[in-house]
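Residue numbers (my numbering): 123 to 584. Where a beta carbon is used, it is the ideal one built from N, C-alpha and C, also for glycine.
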Ligand code: 2HG
Ligand code: ZN
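The following block contains the structure:
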């Protein structure tokens, strides 16, 4: 590969070709896929990114964008000798606009850094998830990241007011200029959000902030039957604006307790647990919440529960849910992240439960998710004595059953983790042939040489 001219343009300090960097920057958190990059580059400006794209076009080299590398679908893995473009050094918060309540920033800013910055300004950046300490804003936008507060605040898309991108032709686009109203044709900003770096790379963004939440309070419930989960959801949803509604199983709880050393939070154990978060902003809200708690207990939908009395207690309850990914990581889980519309969740959960029991009798399954958004995470743990290849083959067989179900329910094979490499073979279960053809045509417009994260979401060639 002709790296010399790129080194000359960027400066040698912005390129690495050592093995350790290949391992670090060549992949994301996705298991069972190995990294094979040719070089890692570290742009520090939009012009650097333009130069990298122009060099890649000229030399027919594919590029893979890389942020905090917390992705779980392989969208940021370089498997075919690509050059990885890490945004780690473009990590500055550039400007706060107090009147508009917006922050202009570079893509490499860590999610938690933005959240803390917003807090200092007396505001809130409400997109939040367990990987907040590593994930970067550029990656969040490129994957339209979701997380635990979507039920209240929506996805990352809702918070992006403008974008600067470098397309696969090396052109710089400034999209939307933080206008709230802008009915002047196609909103290309939204095309780039969630495009997983396949159309262009994000080099700057402006996000808007919200007013902070008032006294967030967390409930944890022990739920004996799967059907109770959505009954509790419905009771809350009808009466109180929720910040979060999450579910996880006893198996998930077991892994977290073992991993963290936390004590069991409830005296009663149950096969399912639910976390409800709401704003304790008035006596009235709390009275309503307590009444729902009591009547759910009377109905037998839950058998035990606790309420956070302080920010620390709220944090401890959240750990039971948020630490599941880390606690199960040594078992190299095979992950599915699926969704159906909310009204279909009860029926869907019952069917998934059946599939998992019959199709994975020998494997341990851990499921949990943002069930108030209709989003379920299914993790299958690899038995220690099984090879990765054998394990994946087994999981793919079950995928066929699961994804046919998803198709029948009109759901998605990827709710919030993106398509990347791992869900590429299953995209047709969620998107029609015509829709995929249009997506490919759009890619060809912005990236005519197919150098921008090629082979992710779909293969250009078929
Ligand atoms: C979460 O909700 C993340 O915690 C990760 O989306 C889910 O590990 C997973 O499957
Ligand atoms: Zn999630």
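With a cut-off of 8 Å on the beta carbons, I'd call residue 439 and residue 387 a contact; round off their distance for me.
-> 7 Å
Which residues in the same chain have their Cβ closer than 6 Å to the Cβ of residue 452, if we skip the five residues on either side of it in sequence?
-> none
My understanding is that residue 102 touches residue 374, with C-beta atoms under 8 Å, so please give their C-beta distance in whole angstroms.
-> Any property of residue 102 remains undetermined from this structure, which presents the chain solely from 123 to 584.
Just to confirm, are residue 321 and residue 287 a CB contact at a threshold of 9 Å?
-> yes
Touch test, the stretch 187-204 against the stretch 247-266, Cβ-Cβ under 8 Å, three pairs minimum = yes
Go through its chain and collect everything with a Cβ distance to residue 545's Cβ below 7 Å, but skip five positions before and after it.
-> 195, 535, 536
Please classify residue 293: does DSSP put it in a helix, a strand, or coil?
-> coil
CB contact flag (residue 397, residue 341, <9 Å) = yes
For residue 393, does the three-state DSSP call read helix, strand or coil?
-> coil
Are residue 648 and residue 197 close, meaning C-beta to C-beta below 9 Å?
-> In the structure as shown, the chain begins at 123 and stops at 584. Residue 648 is therefore absent and cannot be evaluated.
Using a threshold of 9 Å, state whether the C-beta atoms of residue 144 and residue 155 are closer than that.
-> no
Option in 142, 445, 172 with minimal Cα separation from residue 380 | 445
Is there contact here, the stretch 474-485 with the stretch 514-523, by at least three beta-carbon pairs under 8 Å?
-> yes
Residue 539 beta carbon near ligand 1 (any heavy atom closer than 8 Å) = yes
Per DSSP, residue 326 forms a beta bridge with which residues?
-> 286
Distance cut-off 8 Å: residue 443 Cβ against heavy atoms of ligand 1 | yes
Length of the line joining the Cα atoms of residue 285 and residue 327 = 4 Å
Examine ligand 1 and report whether any of its heavy atoms sits within less than 8 Å of the Cβ of residue 459.
-> yes
Which listed residue (185, 366, 240, 256) has its alpha carbon closest to that of residue 291 | 185
Any heavy atom of ligand 2 closer than 8 Å to the CB of residue 406?
-> no
Across which residues does DSSP place residue 456 in a beta bridge pair?
-> 502
Is it the case that the CB of residue 202 approaches a heavy atom of ligand 2 more closely than 8 Å?
-> no
On the DSSP bridge assignment, give the partners of residue 489 in chain order.
-> 500
Residue range of the beta strand (DSSP E) that residue 163 falls in?
-> 161-163
Which class does residue 260 belong to by DSSP, given the choice of helix, strand or coil?
-> helix
Cutoff 7 Å; reference residue 502; Cβ partners in own chain excluding five residues on either side | 455, 456, 482, 485, 487, 517
So is the beta-carbon of residue 497 under 8 Å away from any non-hydrogen atom of ligand 2?
-> yes
Within the present structure, is the beta-carbon of residue 490 separated from the nearest heavy atom of ligand 4 by less than 8 Å?
-> This structure lacks ligand 4; its bound ligands are ligand 1 and ligand 2.
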